[in-house]
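Chemist: Questions regarding the structure given below will be posed in turn.
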Amino acid sequence: MDIILNKWSDMSRFGLMICLVLAMGACATTNVPAPDTSEAESMIKQAEEAGAQEYAPLELREAREKVEQAKSLVEQEENAKAMRLTKEASVDAELAMVKARSAKAQEAVKQLKETIKTLKEEIERNQQKQGGSQ
Amino acid sequence: MKHVYKNIAFAGTLVASLLFVGCAGTPDTNPMVQQAQTNYQQTESDTLVAKHAPVALKEAKEAVTQAQSALKSGKDEAVVNHKAYIAQQRIKIAEQTALLNAAQDEVERAETERQKVLIQARQAEAEAAERRAEMAQEEAEQKKAEAEAAKEAAMAAQQRAEELAERVNELEAELTERGLVLTLGDVLFDVDEATLKPGGQRAVTELTGFLREYPERSVLIEGHTDNTGSDSYNQGLSEDRANTVRQALIANGIAPERIRSVGLGEQYPVASNNTSGGRQQNRRVEVIISDESGEIPDRQ
């Protein structure tokens, strides 16, 4: 009996320890590796190349600021927060890039439609001249 | 003994639970997650996004799910908010991607149309240019034709004038202020008679030919005498002689309405009646030939 009881006791102690460690781990902000901001930075670069400075300046600024913040948080060993900001900067930059590309494409559509309109008017004028001469 | 261990195990679980709750401590609602859910539902129901950005939409859905599960599993509020933020941005990315892809499709379509319309425009322009060239050519040809016609008309007029001059010369007519005047002298009539001698007949034949050639012209035939004899006799003789010439022309087929005859007696001598030569000159018939409009100015 004693042997069995002792076994129970060991298991309970072990379980308790696991529970505590897990609970501690869930709360912990340390032990997270410092984020790699290069992906976010490369996304920012792509956004800039897509014309985000002109077409999505707010999103682009947000992304840049978050990267800067993330870097200073790493120095303060606030890695978890830095990680979140880096991820956010990355999606902000992605949004800026897509927004810029979208705006440019829409401008291209507008220009094309205007060109088509002008050409059609030109055709009409030429055909009206024909009508007039006949 | 058994109870003691049980209690220890229970206490351990309780401590662990308390610790867990203490550090999570969040409600199961979060405004940012809720907002992300609402936005996602709106975006999902947008057919444009479903059609043009299915992958980005799926990524947005996953991000929303992650935010929800972070909330459900009681993650730190900062983590939940972060996940919700990522979800919000992913939704916006999906929307913008849809707009981008739709615009790119439109660019492709519009570019095709532009090419088509450009070809049409060039064709229309070429056709218009061709028409302009044709019109210019037509105009040039018309002008050339007009110039030629004018030249021909001028030549014809010149020719007519030359012919007229020739005919007038043949008629022995004189160009006077009243126009062309052909004088049939006394010698062409029988003495004191209104009948024409063969020489007079020849003159009438010449005149007939002329009038046939120039159908737009008409004639006024005036009979004149010298001052010998009574006025009434001279008037009668002048009328008769003028009428003789008229009738001769009518007999030759000239329309009567083109010929007017009048007897003027001794009123308009052309020479002195004191000499026999002058009197002979005064006994005459004058044929005044109208201009092209058929007009004959009145005797002044």
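Line by line, the protein sequences are chains A and B. Position one of the first sequence corresponds to residue 1 (our numbering), numbered consecutively onward. Position one of the second sequence corresponds to residue 1001 (our numbering), numbered consecutively onward. Every residue, glycine too, gets a C-beta built ideally from N, C-alpha and C.
1) Straight-line CA distance for residue 45/A to residue 128/A?
2) Going by DSSP in three states, residue 85/A sits in which element: helix, strand or coil?
3) Mind checking residue 116/A: buried by the 16 CB within 10 Å criterion, or exposed?
4) Counting only beta-carbon separations shorter than 8 Å, does residue 44/A have a partner in chain B?
5) For the segment 1097-1110 of chain B against the segment 1077-1087 of chain B, do three or more pairs of beta-carbon atoms, one drawn from each stretch, fall closer than 8 Å, so that the two count as touching?
6) Does residue 101/A come within less than 8 Å of chain B when only Cβ atoms are used?
7) Report yes if the C-beta distance between residue 34/A and residue 80/A is below 8 Å; otherwise report no.
8) Which of the three DSSP states, helix, strand or coil, is assigned to residue 1219/B?
9) Quick check: residue 89/A and residue 56/A, are their CB atoms within less than 8 Å of each other?
10) Touch check for the segment 1172-1189 of chain B and the segment 1278-1296 of chain B: three-plus C-beta pairs under 8 Å?
11) Among 123/A, 126/A and 61/A, whose alpha-carbon lies nearest the alpha-carbon of residue 91/A?
12) Cα separation between residue 1293/B and residue 1129/B?
13) State yes or no: is the C-beta of residue 40/A within less than 8 Å of the C-beta of residue 103/A?
14) Quick one: list the residues of chain A neighbouring residue 1139/B, beta-carbon separation under 7 Å, in chain order.
15) Could you check if residue 66/A is buried or exposed, using at least 16 other CB atoms within 10 Å of its CB as the buried criterion?
16) In the segment 83-107 of chain A, which residues sit with their C-beta less than 7 Å from some C-beta in chain B, listed in chain order?
17) Tell me which same chain residues have a C-beta within less than 8 Å of the C-beta of residue 118/A, skipping the five on either side of it?
18) Please state the DSSP three-state secondary structure of residue 1261/B.
19) Taking Cβ positions only, does residue 1085/B come closer than 8 Å to chain A?
20) Tell me the rounded alpha-carbon separation between residue 1190/B and residue 1257/B.
21) Assign residue 1091/B to one of two classes, buried (16 or more other C-beta atoms within 10 Å of its C-beta) or exposed (fewer than that).
22) Take the Cβ of residue 1119/B as the centre, count every other Cβ of all protein chains shown within 10 Å, and call the residue buried at 16 or more, exposed below.
23) Taking residue 1107/B as the query, report the chain A residues whose CB atoms sit under 7 Å from its CB, ordered along the chain.
24) Starting from the beta carbon of residue 1121/B, find every residue of chain A whose beta carbon is closer than 7 Å, and list them in chain order.
25) Using a Cβ cut-off of 7 Å, pull out every chain A residue sitting near residue 1117/B, in sequence order please.
26) Quick one: what does DSSP say residue 1253/B is sitting in, helix, strand or coil?
27) Whole angstroms are fine: how far does the CA of residue 1081/B sit from the CA of residue 76/A?
28) With a threshold of 8 Å between beta carbons, is residue 1127/B in contact with chain A?
29) Taking 8 Å as the threshold (beta carbon to beta carbon), is residue 1097/B in contact with chain A?
30) Rounding to the nearest angstrom, what Cα-Cα distance links residue 1266/B and residue 1202/B in this structure?
31) Throw me the rounded Cβ distance for the residue 1063/B and residue 1043/B pair, which I believe falls under 8 Å.
32) Once DSSP output is grouped into helix, strand and coil, what is the label at residue 1086/B?
33) On the DSSP letters alone, give me the boundaries of the alpha helix (DSSP H) that residue 1211/B sits inside.
34) Alpha carbon to alpha carbon, what distance is there between residue 1108/B and residue 1057/B?
35) Note down, in chain order, each residue of its chain lying with its Cβ closer than 8 Å to the Cβ of residue 1068/B, except the 5 sequence neighbours on either side.
36) Is there a Cβ from chain A that is less than 8 Å from the Cβ of residue 1089/B?
Modeler: Walking through what the data contain:
1) Residue 45/A and residue 128/A have their C-alpha atoms some 52 Å from each other.
2) Per DSSP, reduced to three states, the secondary structure at residue 85/A is helical.
3) So residue 116/A ends up on the buried side.
4) Output row for residue 44/A: interface = no.
5) With contact defined as three or more Cβ pairs closer than 8 Å, the segment 1097-1110 of chain B and the segment 1077-1087 of chain B are not in contact.
6) Yes, because at least one Cβ of chain B sits closer than 8 Å to the Cβ of residue 101/A.
7) Not closer than 8 Å, so no.
8) In the three-state reduction of the DSSP assignment, residue 1219/B falls in the strand class.
9) Their beta carbons are not under 8 Å apart, which means residue 89/A does not touch residue 56/A by this criterion.
10) At 8 Å Cβ cutoff, the stretches touch.
11) The option with the nearest alpha carbon to residue 91/A is 61/A.
12) Straight-line Cα distance between these residues: approximately 48 Å.
13) Not in contact: residue 40/A and residue 103/A (Cβ atoms no closer than 8 Å).
14) Against chain A, the beta carbon of residue 1139/B has no neighbour under 7 Å; the closest one sits roughly 11 Å away.
15) Flag for residue 66/A reads buried.
16) Within the segment 83-107 of chain A, the residues whose Cβ lies closer than 7 Å to any Cβ of chain B are, in chain order, 84, 87, 88, 91, 92, 94, 95, 98, 99, 101, 102, 105 and 106.
17) Excluding sequence neighbours, residue 118/A sits near nothing in its chain.
18) Secondary structure of residue 1261/B (DSSP, three-state): strand.
19) Chain A, which has a Cβ nearer than 8 Å to the Cβ of residue 1085/B, makes this yes.
20) Cα to Cα, residue 1190/B sits roughly 27 Å from residue 1257/B.
21) Around the beta carbon of residue 1091/B, a 10 Å sphere encloses 16 or more other beta carbons of the protein chains shown; the residue is thus reported as buried.
22) It is exposed - the Cβ of residue 1119/B has fewer than 16 other Cβ atoms within 10 Å.
23) Within chain A, 105, 108, 109 and 112 have C-beta atoms less than 7 Å from the C-beta of residue 1107/B, given in sequence order.
24) In chain order: 119, 122 and 123.
25) Scanning chain A for C-beta atoms nearer than 7 Å to the C-beta of residue 1117/B yields 116, 119 and 120, reported in chain order.
26) Reduced to three states, the DSSP call for residue 1253/B is coil.
27) Cα-Cα distance, rounded: 22 Å.
28) At a cut-off of 8 Å between beta-carbon atoms, residue 1127/B makes contact with chain A.
29) Judged by the 8 Å Cβ criterion, residue 1097/B is in contact with chain A.
30) Using only the alpha carbons, I get a separation of about 26 Å.
31) With a Cβ gap of about 12 Å, residue 1063/B and residue 1043/B do not count as contacting.
32) Reduced to three states, the DSSP call for residue 1086/B is helix.
33) Where residue 1211/B is concerned, the enclosing alpha helix (DSSP H) stretches over 1198-1213.
34) Taking the straight line from one Cα to the other gives about 23 Å.
35) Same-chain partners within the cutoff: 1033 and 1037.
36) Yes - at least one Cβ of chain A is within 8 Å of the one on residue 1089/B.
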